[in-house]
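Notes to accompany the following structure.
There are 2 protein chains.
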Amino acid sequence: METKAFQDYYPDDLSHCFGCGSKNEHGHQLKSFWDGDETVARITPEQHHTAIPGYVYGGFVASIIDCHGTGTAAAAAYKAENRSMDSLPPFRFVTASLKVNYRKPTPLGVELEVRGKVSELKGRKVIVTASVFANGELCADGEVVAVQMPENMLPK
Amino acid sequence: METKAFQDYYPDDLSHCFGCGSKNEHGHQLKSFWDGDETVARITPEQHHTAIPGYVYGGFVASIIDCHGTGTAAAAAYKAENRSMDSLPPFRFVTASLKVNYRKPTPLGVELEVRGKVSELKGRKVIVTASVFANGELCADGEVVAVQMPENMLPK
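Pasting the structure below:
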C-alpha cells in the first residue's frame with residue numbers, strides 16, 4: 000500500500016476539511032488509499048465520538064463515508080486520465096448528496112474500516128459506494144455523489 | 000419557545016451523543032424545539048468545522064440533520080401519545096438511514112437553522128425531513144428514518 004494518502008495530494012489551500020484535511024489539526028484527518036480496484040481508509044474514533052454509550056455517533060460514520068467518497072472520486076478521476084495524483088491540474092471533489100444506511104450499531108473503541116467502490120464516473124460527477132466495517136462486520140453502507148468543486152468555491 | 004430542548008428530556012445515560020447529548024462536553028450539544036408543527040434547532044459551527052475554507056464540512060451538516068431528526072422523532076412520538084416529554088417510559092430514537100442533499104456550499108461563521116417536519120409516524124418508525132438554512136438561504140436538505148432504540152443497545 001502506498002504511504003501517501005489521496006488526501007495528502009490535495010492542494011494545501013484545500014486541505015483544511017475537518018473530516019480529511021491533513022492541515023486541520025482538530026479534525027479526523029481521514030486517509031484513503033487504493034486497495035486493488037477498491038479504496039480503503041482506517042480510522043479509530045475517539046471515546047467522545049459517542050452515540051448511545053458504547054457506539055459511534057451517526058455523524059462520525061456519515062463524515063468518514065463522505066470524505067472517503069470525495070477522496071475516492073478524486074483518485075478515480077486521476078486514474079481515468081491515466082495521471083498521477085501529483086500532476087496538474089488537481090482534482091478536488093465536493094459532495095452533492097450523501098446516503099447512509101445504519102445497518103447495526105457501530106461499536107466504539109475499535110478501528111473502523113471504510114471501503115469504497117466507484118460505481119459511476121461521468122463528466123464532473125463520480126458516484127462512490129462505501130461500506131463501514133468494525134471487527135470485520137458491516138455496520139453501515141451508503142453512497143456519495145461527488146462533483147468536481149465549482150471554481151467559485153476556491154478560497155480567495 | 001420552550002426553554003427545555005427535546006434533548007434535555009433524554010434519560011441521563013442516553014445523553015452522551017456527540018451531536019446532541021447534553022452530557023457530552025466535547026460535542027455539538029444540538030438543541031431542538033417545537034415551532035408550530037415544525038421543529039427547529041440553531042447552531043453555529045466552530046471555525047475548525049471547515050470543508051473547503053469558508054464553508055462548513057459535510058459531516059457537520061449531516062450530523063445536525065441526523066440529531067435533529069432523531070430528536071424530532073422522539074418529540075413526535077410523545078405528541079402522538081399525548082404525553083409530555085418528561086413522562087415515562089422515555090422515547091429515544093436511533094437512525095436507520097440518513098440522506099443529505101448539499102444544495103449549495105454552507106457558509107462558515109454564521110448561525111445555521113435546521114428545520115424538521117414529520118412526514119411519517121408509524122409503529123416504532125418516524126420519518127423526518129429536514130432543511131438547513133444559513134442567512135435564510137437553503138443550503139442542504141434531507142431525510143432521517145428514525146427507529147426506536149432497540150432494547151439491546153441500552154447501556155449495561
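Top to bottom, those sequences are chains A and B.
Position 64, counted from 1, in the first sequence is what numbering that gives the first Met the number 0 calls 63; the numbers after and before it change by one each time, with no gaps.
Position 131, counted from 1, in the second sequence is what numbering that gives the first Met the number 0 calls 130; the numbers after and before it change by one each time, with no gaps.
Even for Gly, the Cβ is constructed at its ideal location relative to N, Cα and C.
Interface partners of residue i on chain A, CB under 8 Å
i: Cys16(B); result: Thr49, Ala50, Ile51, Tyr56
Contact under 9 Å by Cβ, residue i with residue j
i: Lys3(A); j: Ser14(A); result: no
i: Ala139(B); j: Glu112(B); result: no
i: Asp12(B); j: Pro154(B); result: yes
i: Val39(A); j: Phe92(A); result: no
i: Leu107(B); j: Asp65(B); result: no
i: Met152(A); j: Pro104(B); result: yes
i: Ala95(A); j: Gly115(A); result: no
i: Val118(A); j: Ala74(A); result: Note that residue 118(A) corresponds to Ser in the displayed sequence, not to Val. No, they are not a contact pair.
i: Gly18(B); j: Gly58(A); result: yes
i: Pro89(B); j: Tyr8(B); result: yes
i: Gly68(A); j: Glu142(A); result: yes
i: Val99(B); j: Ala145(B); result: no
i: Met148(B); j: Ile51(A); result: yes
Neighbouring residues, chain A, relative to residue i (Cβ below 9 Å)
i: Ser62(B); result: Tyr56, Gly57, Gly58, Phe59, Ala61, Ser62
i: Asp12(B); result: Ile51, Pro52
i: Gly26(B); result: His47, His48, Thr49, Tyr56
Test: residue i CB closer than 9 Å to a CB of chain B
i: His67(A); result: no
i: Gly35(A); result: no
Where residue i falls, given that 16 or more other Cβ within 10 Å makes a residue buried
i: Ala79(A); result: exposed
i: Asp34(B); result: exposed
i: Gly70(A); result: buried
i: His25(A); result: exposed
i: Val55(A); result: buried
i: Val131(A); result: buried
i: Val109(B); result: exposed
i: Gln28(B); result: buried
i: Gln46(A); result: exposed
Three-state secondary structure assigned by DSSP to residue i
i: Leu137(A); result: strand
i: Leu13(A); result: helix
i: Ala129(B); result: strand
i: Phe5(A); result: helix
i: Val60(B); result: helix
i: Asn81(A); result: coil
i: Thr49(B); result: strand
i: Gly70(A); result: helix
i: Asp34(A); result: strand
i: Asn231(B); result: For chain B, the structure presents residues 0 to 155; residue 231(B) sits outside this window and is missing.
i: Glu142(B); result: strand
i: Glu110(B); result: coil
Any non-hydrogen atom of the ligand MN closer than 8 Å to residue i Cβ
i: Ser14(B); result: In terms of ligand content, the structure shown is empty, and the ligand MN therefore cannot be addressed.
Interface residues of chain B facing residue i [CB-CB closer than 7 Å]
i: Leu97(A); result: Gly57, Ala61, Val99
Contact set between residue i and chain B, taken where Cβ atoms lie within less than 9 Å
i: Gly115(A); result: Those do not exist, as Gly115(A) stays about 15 Å from chain B at its closest Cβ, beyond 9 Å.
i: Val93(A); result: Ala50, Ile51, Tyr54, Gly57, Tyr101, Pro104
Contacts of residue i in chain B (Cβ-Cβ under 8 Å)
i: Asn23(A); result: His47, Thr49
Beta carbon proximity, residue i to chain A, threshold 9 Å
i: Met84(B); result: no
i: Gly20(B); result: yes
i: Leu153(B); result: yes
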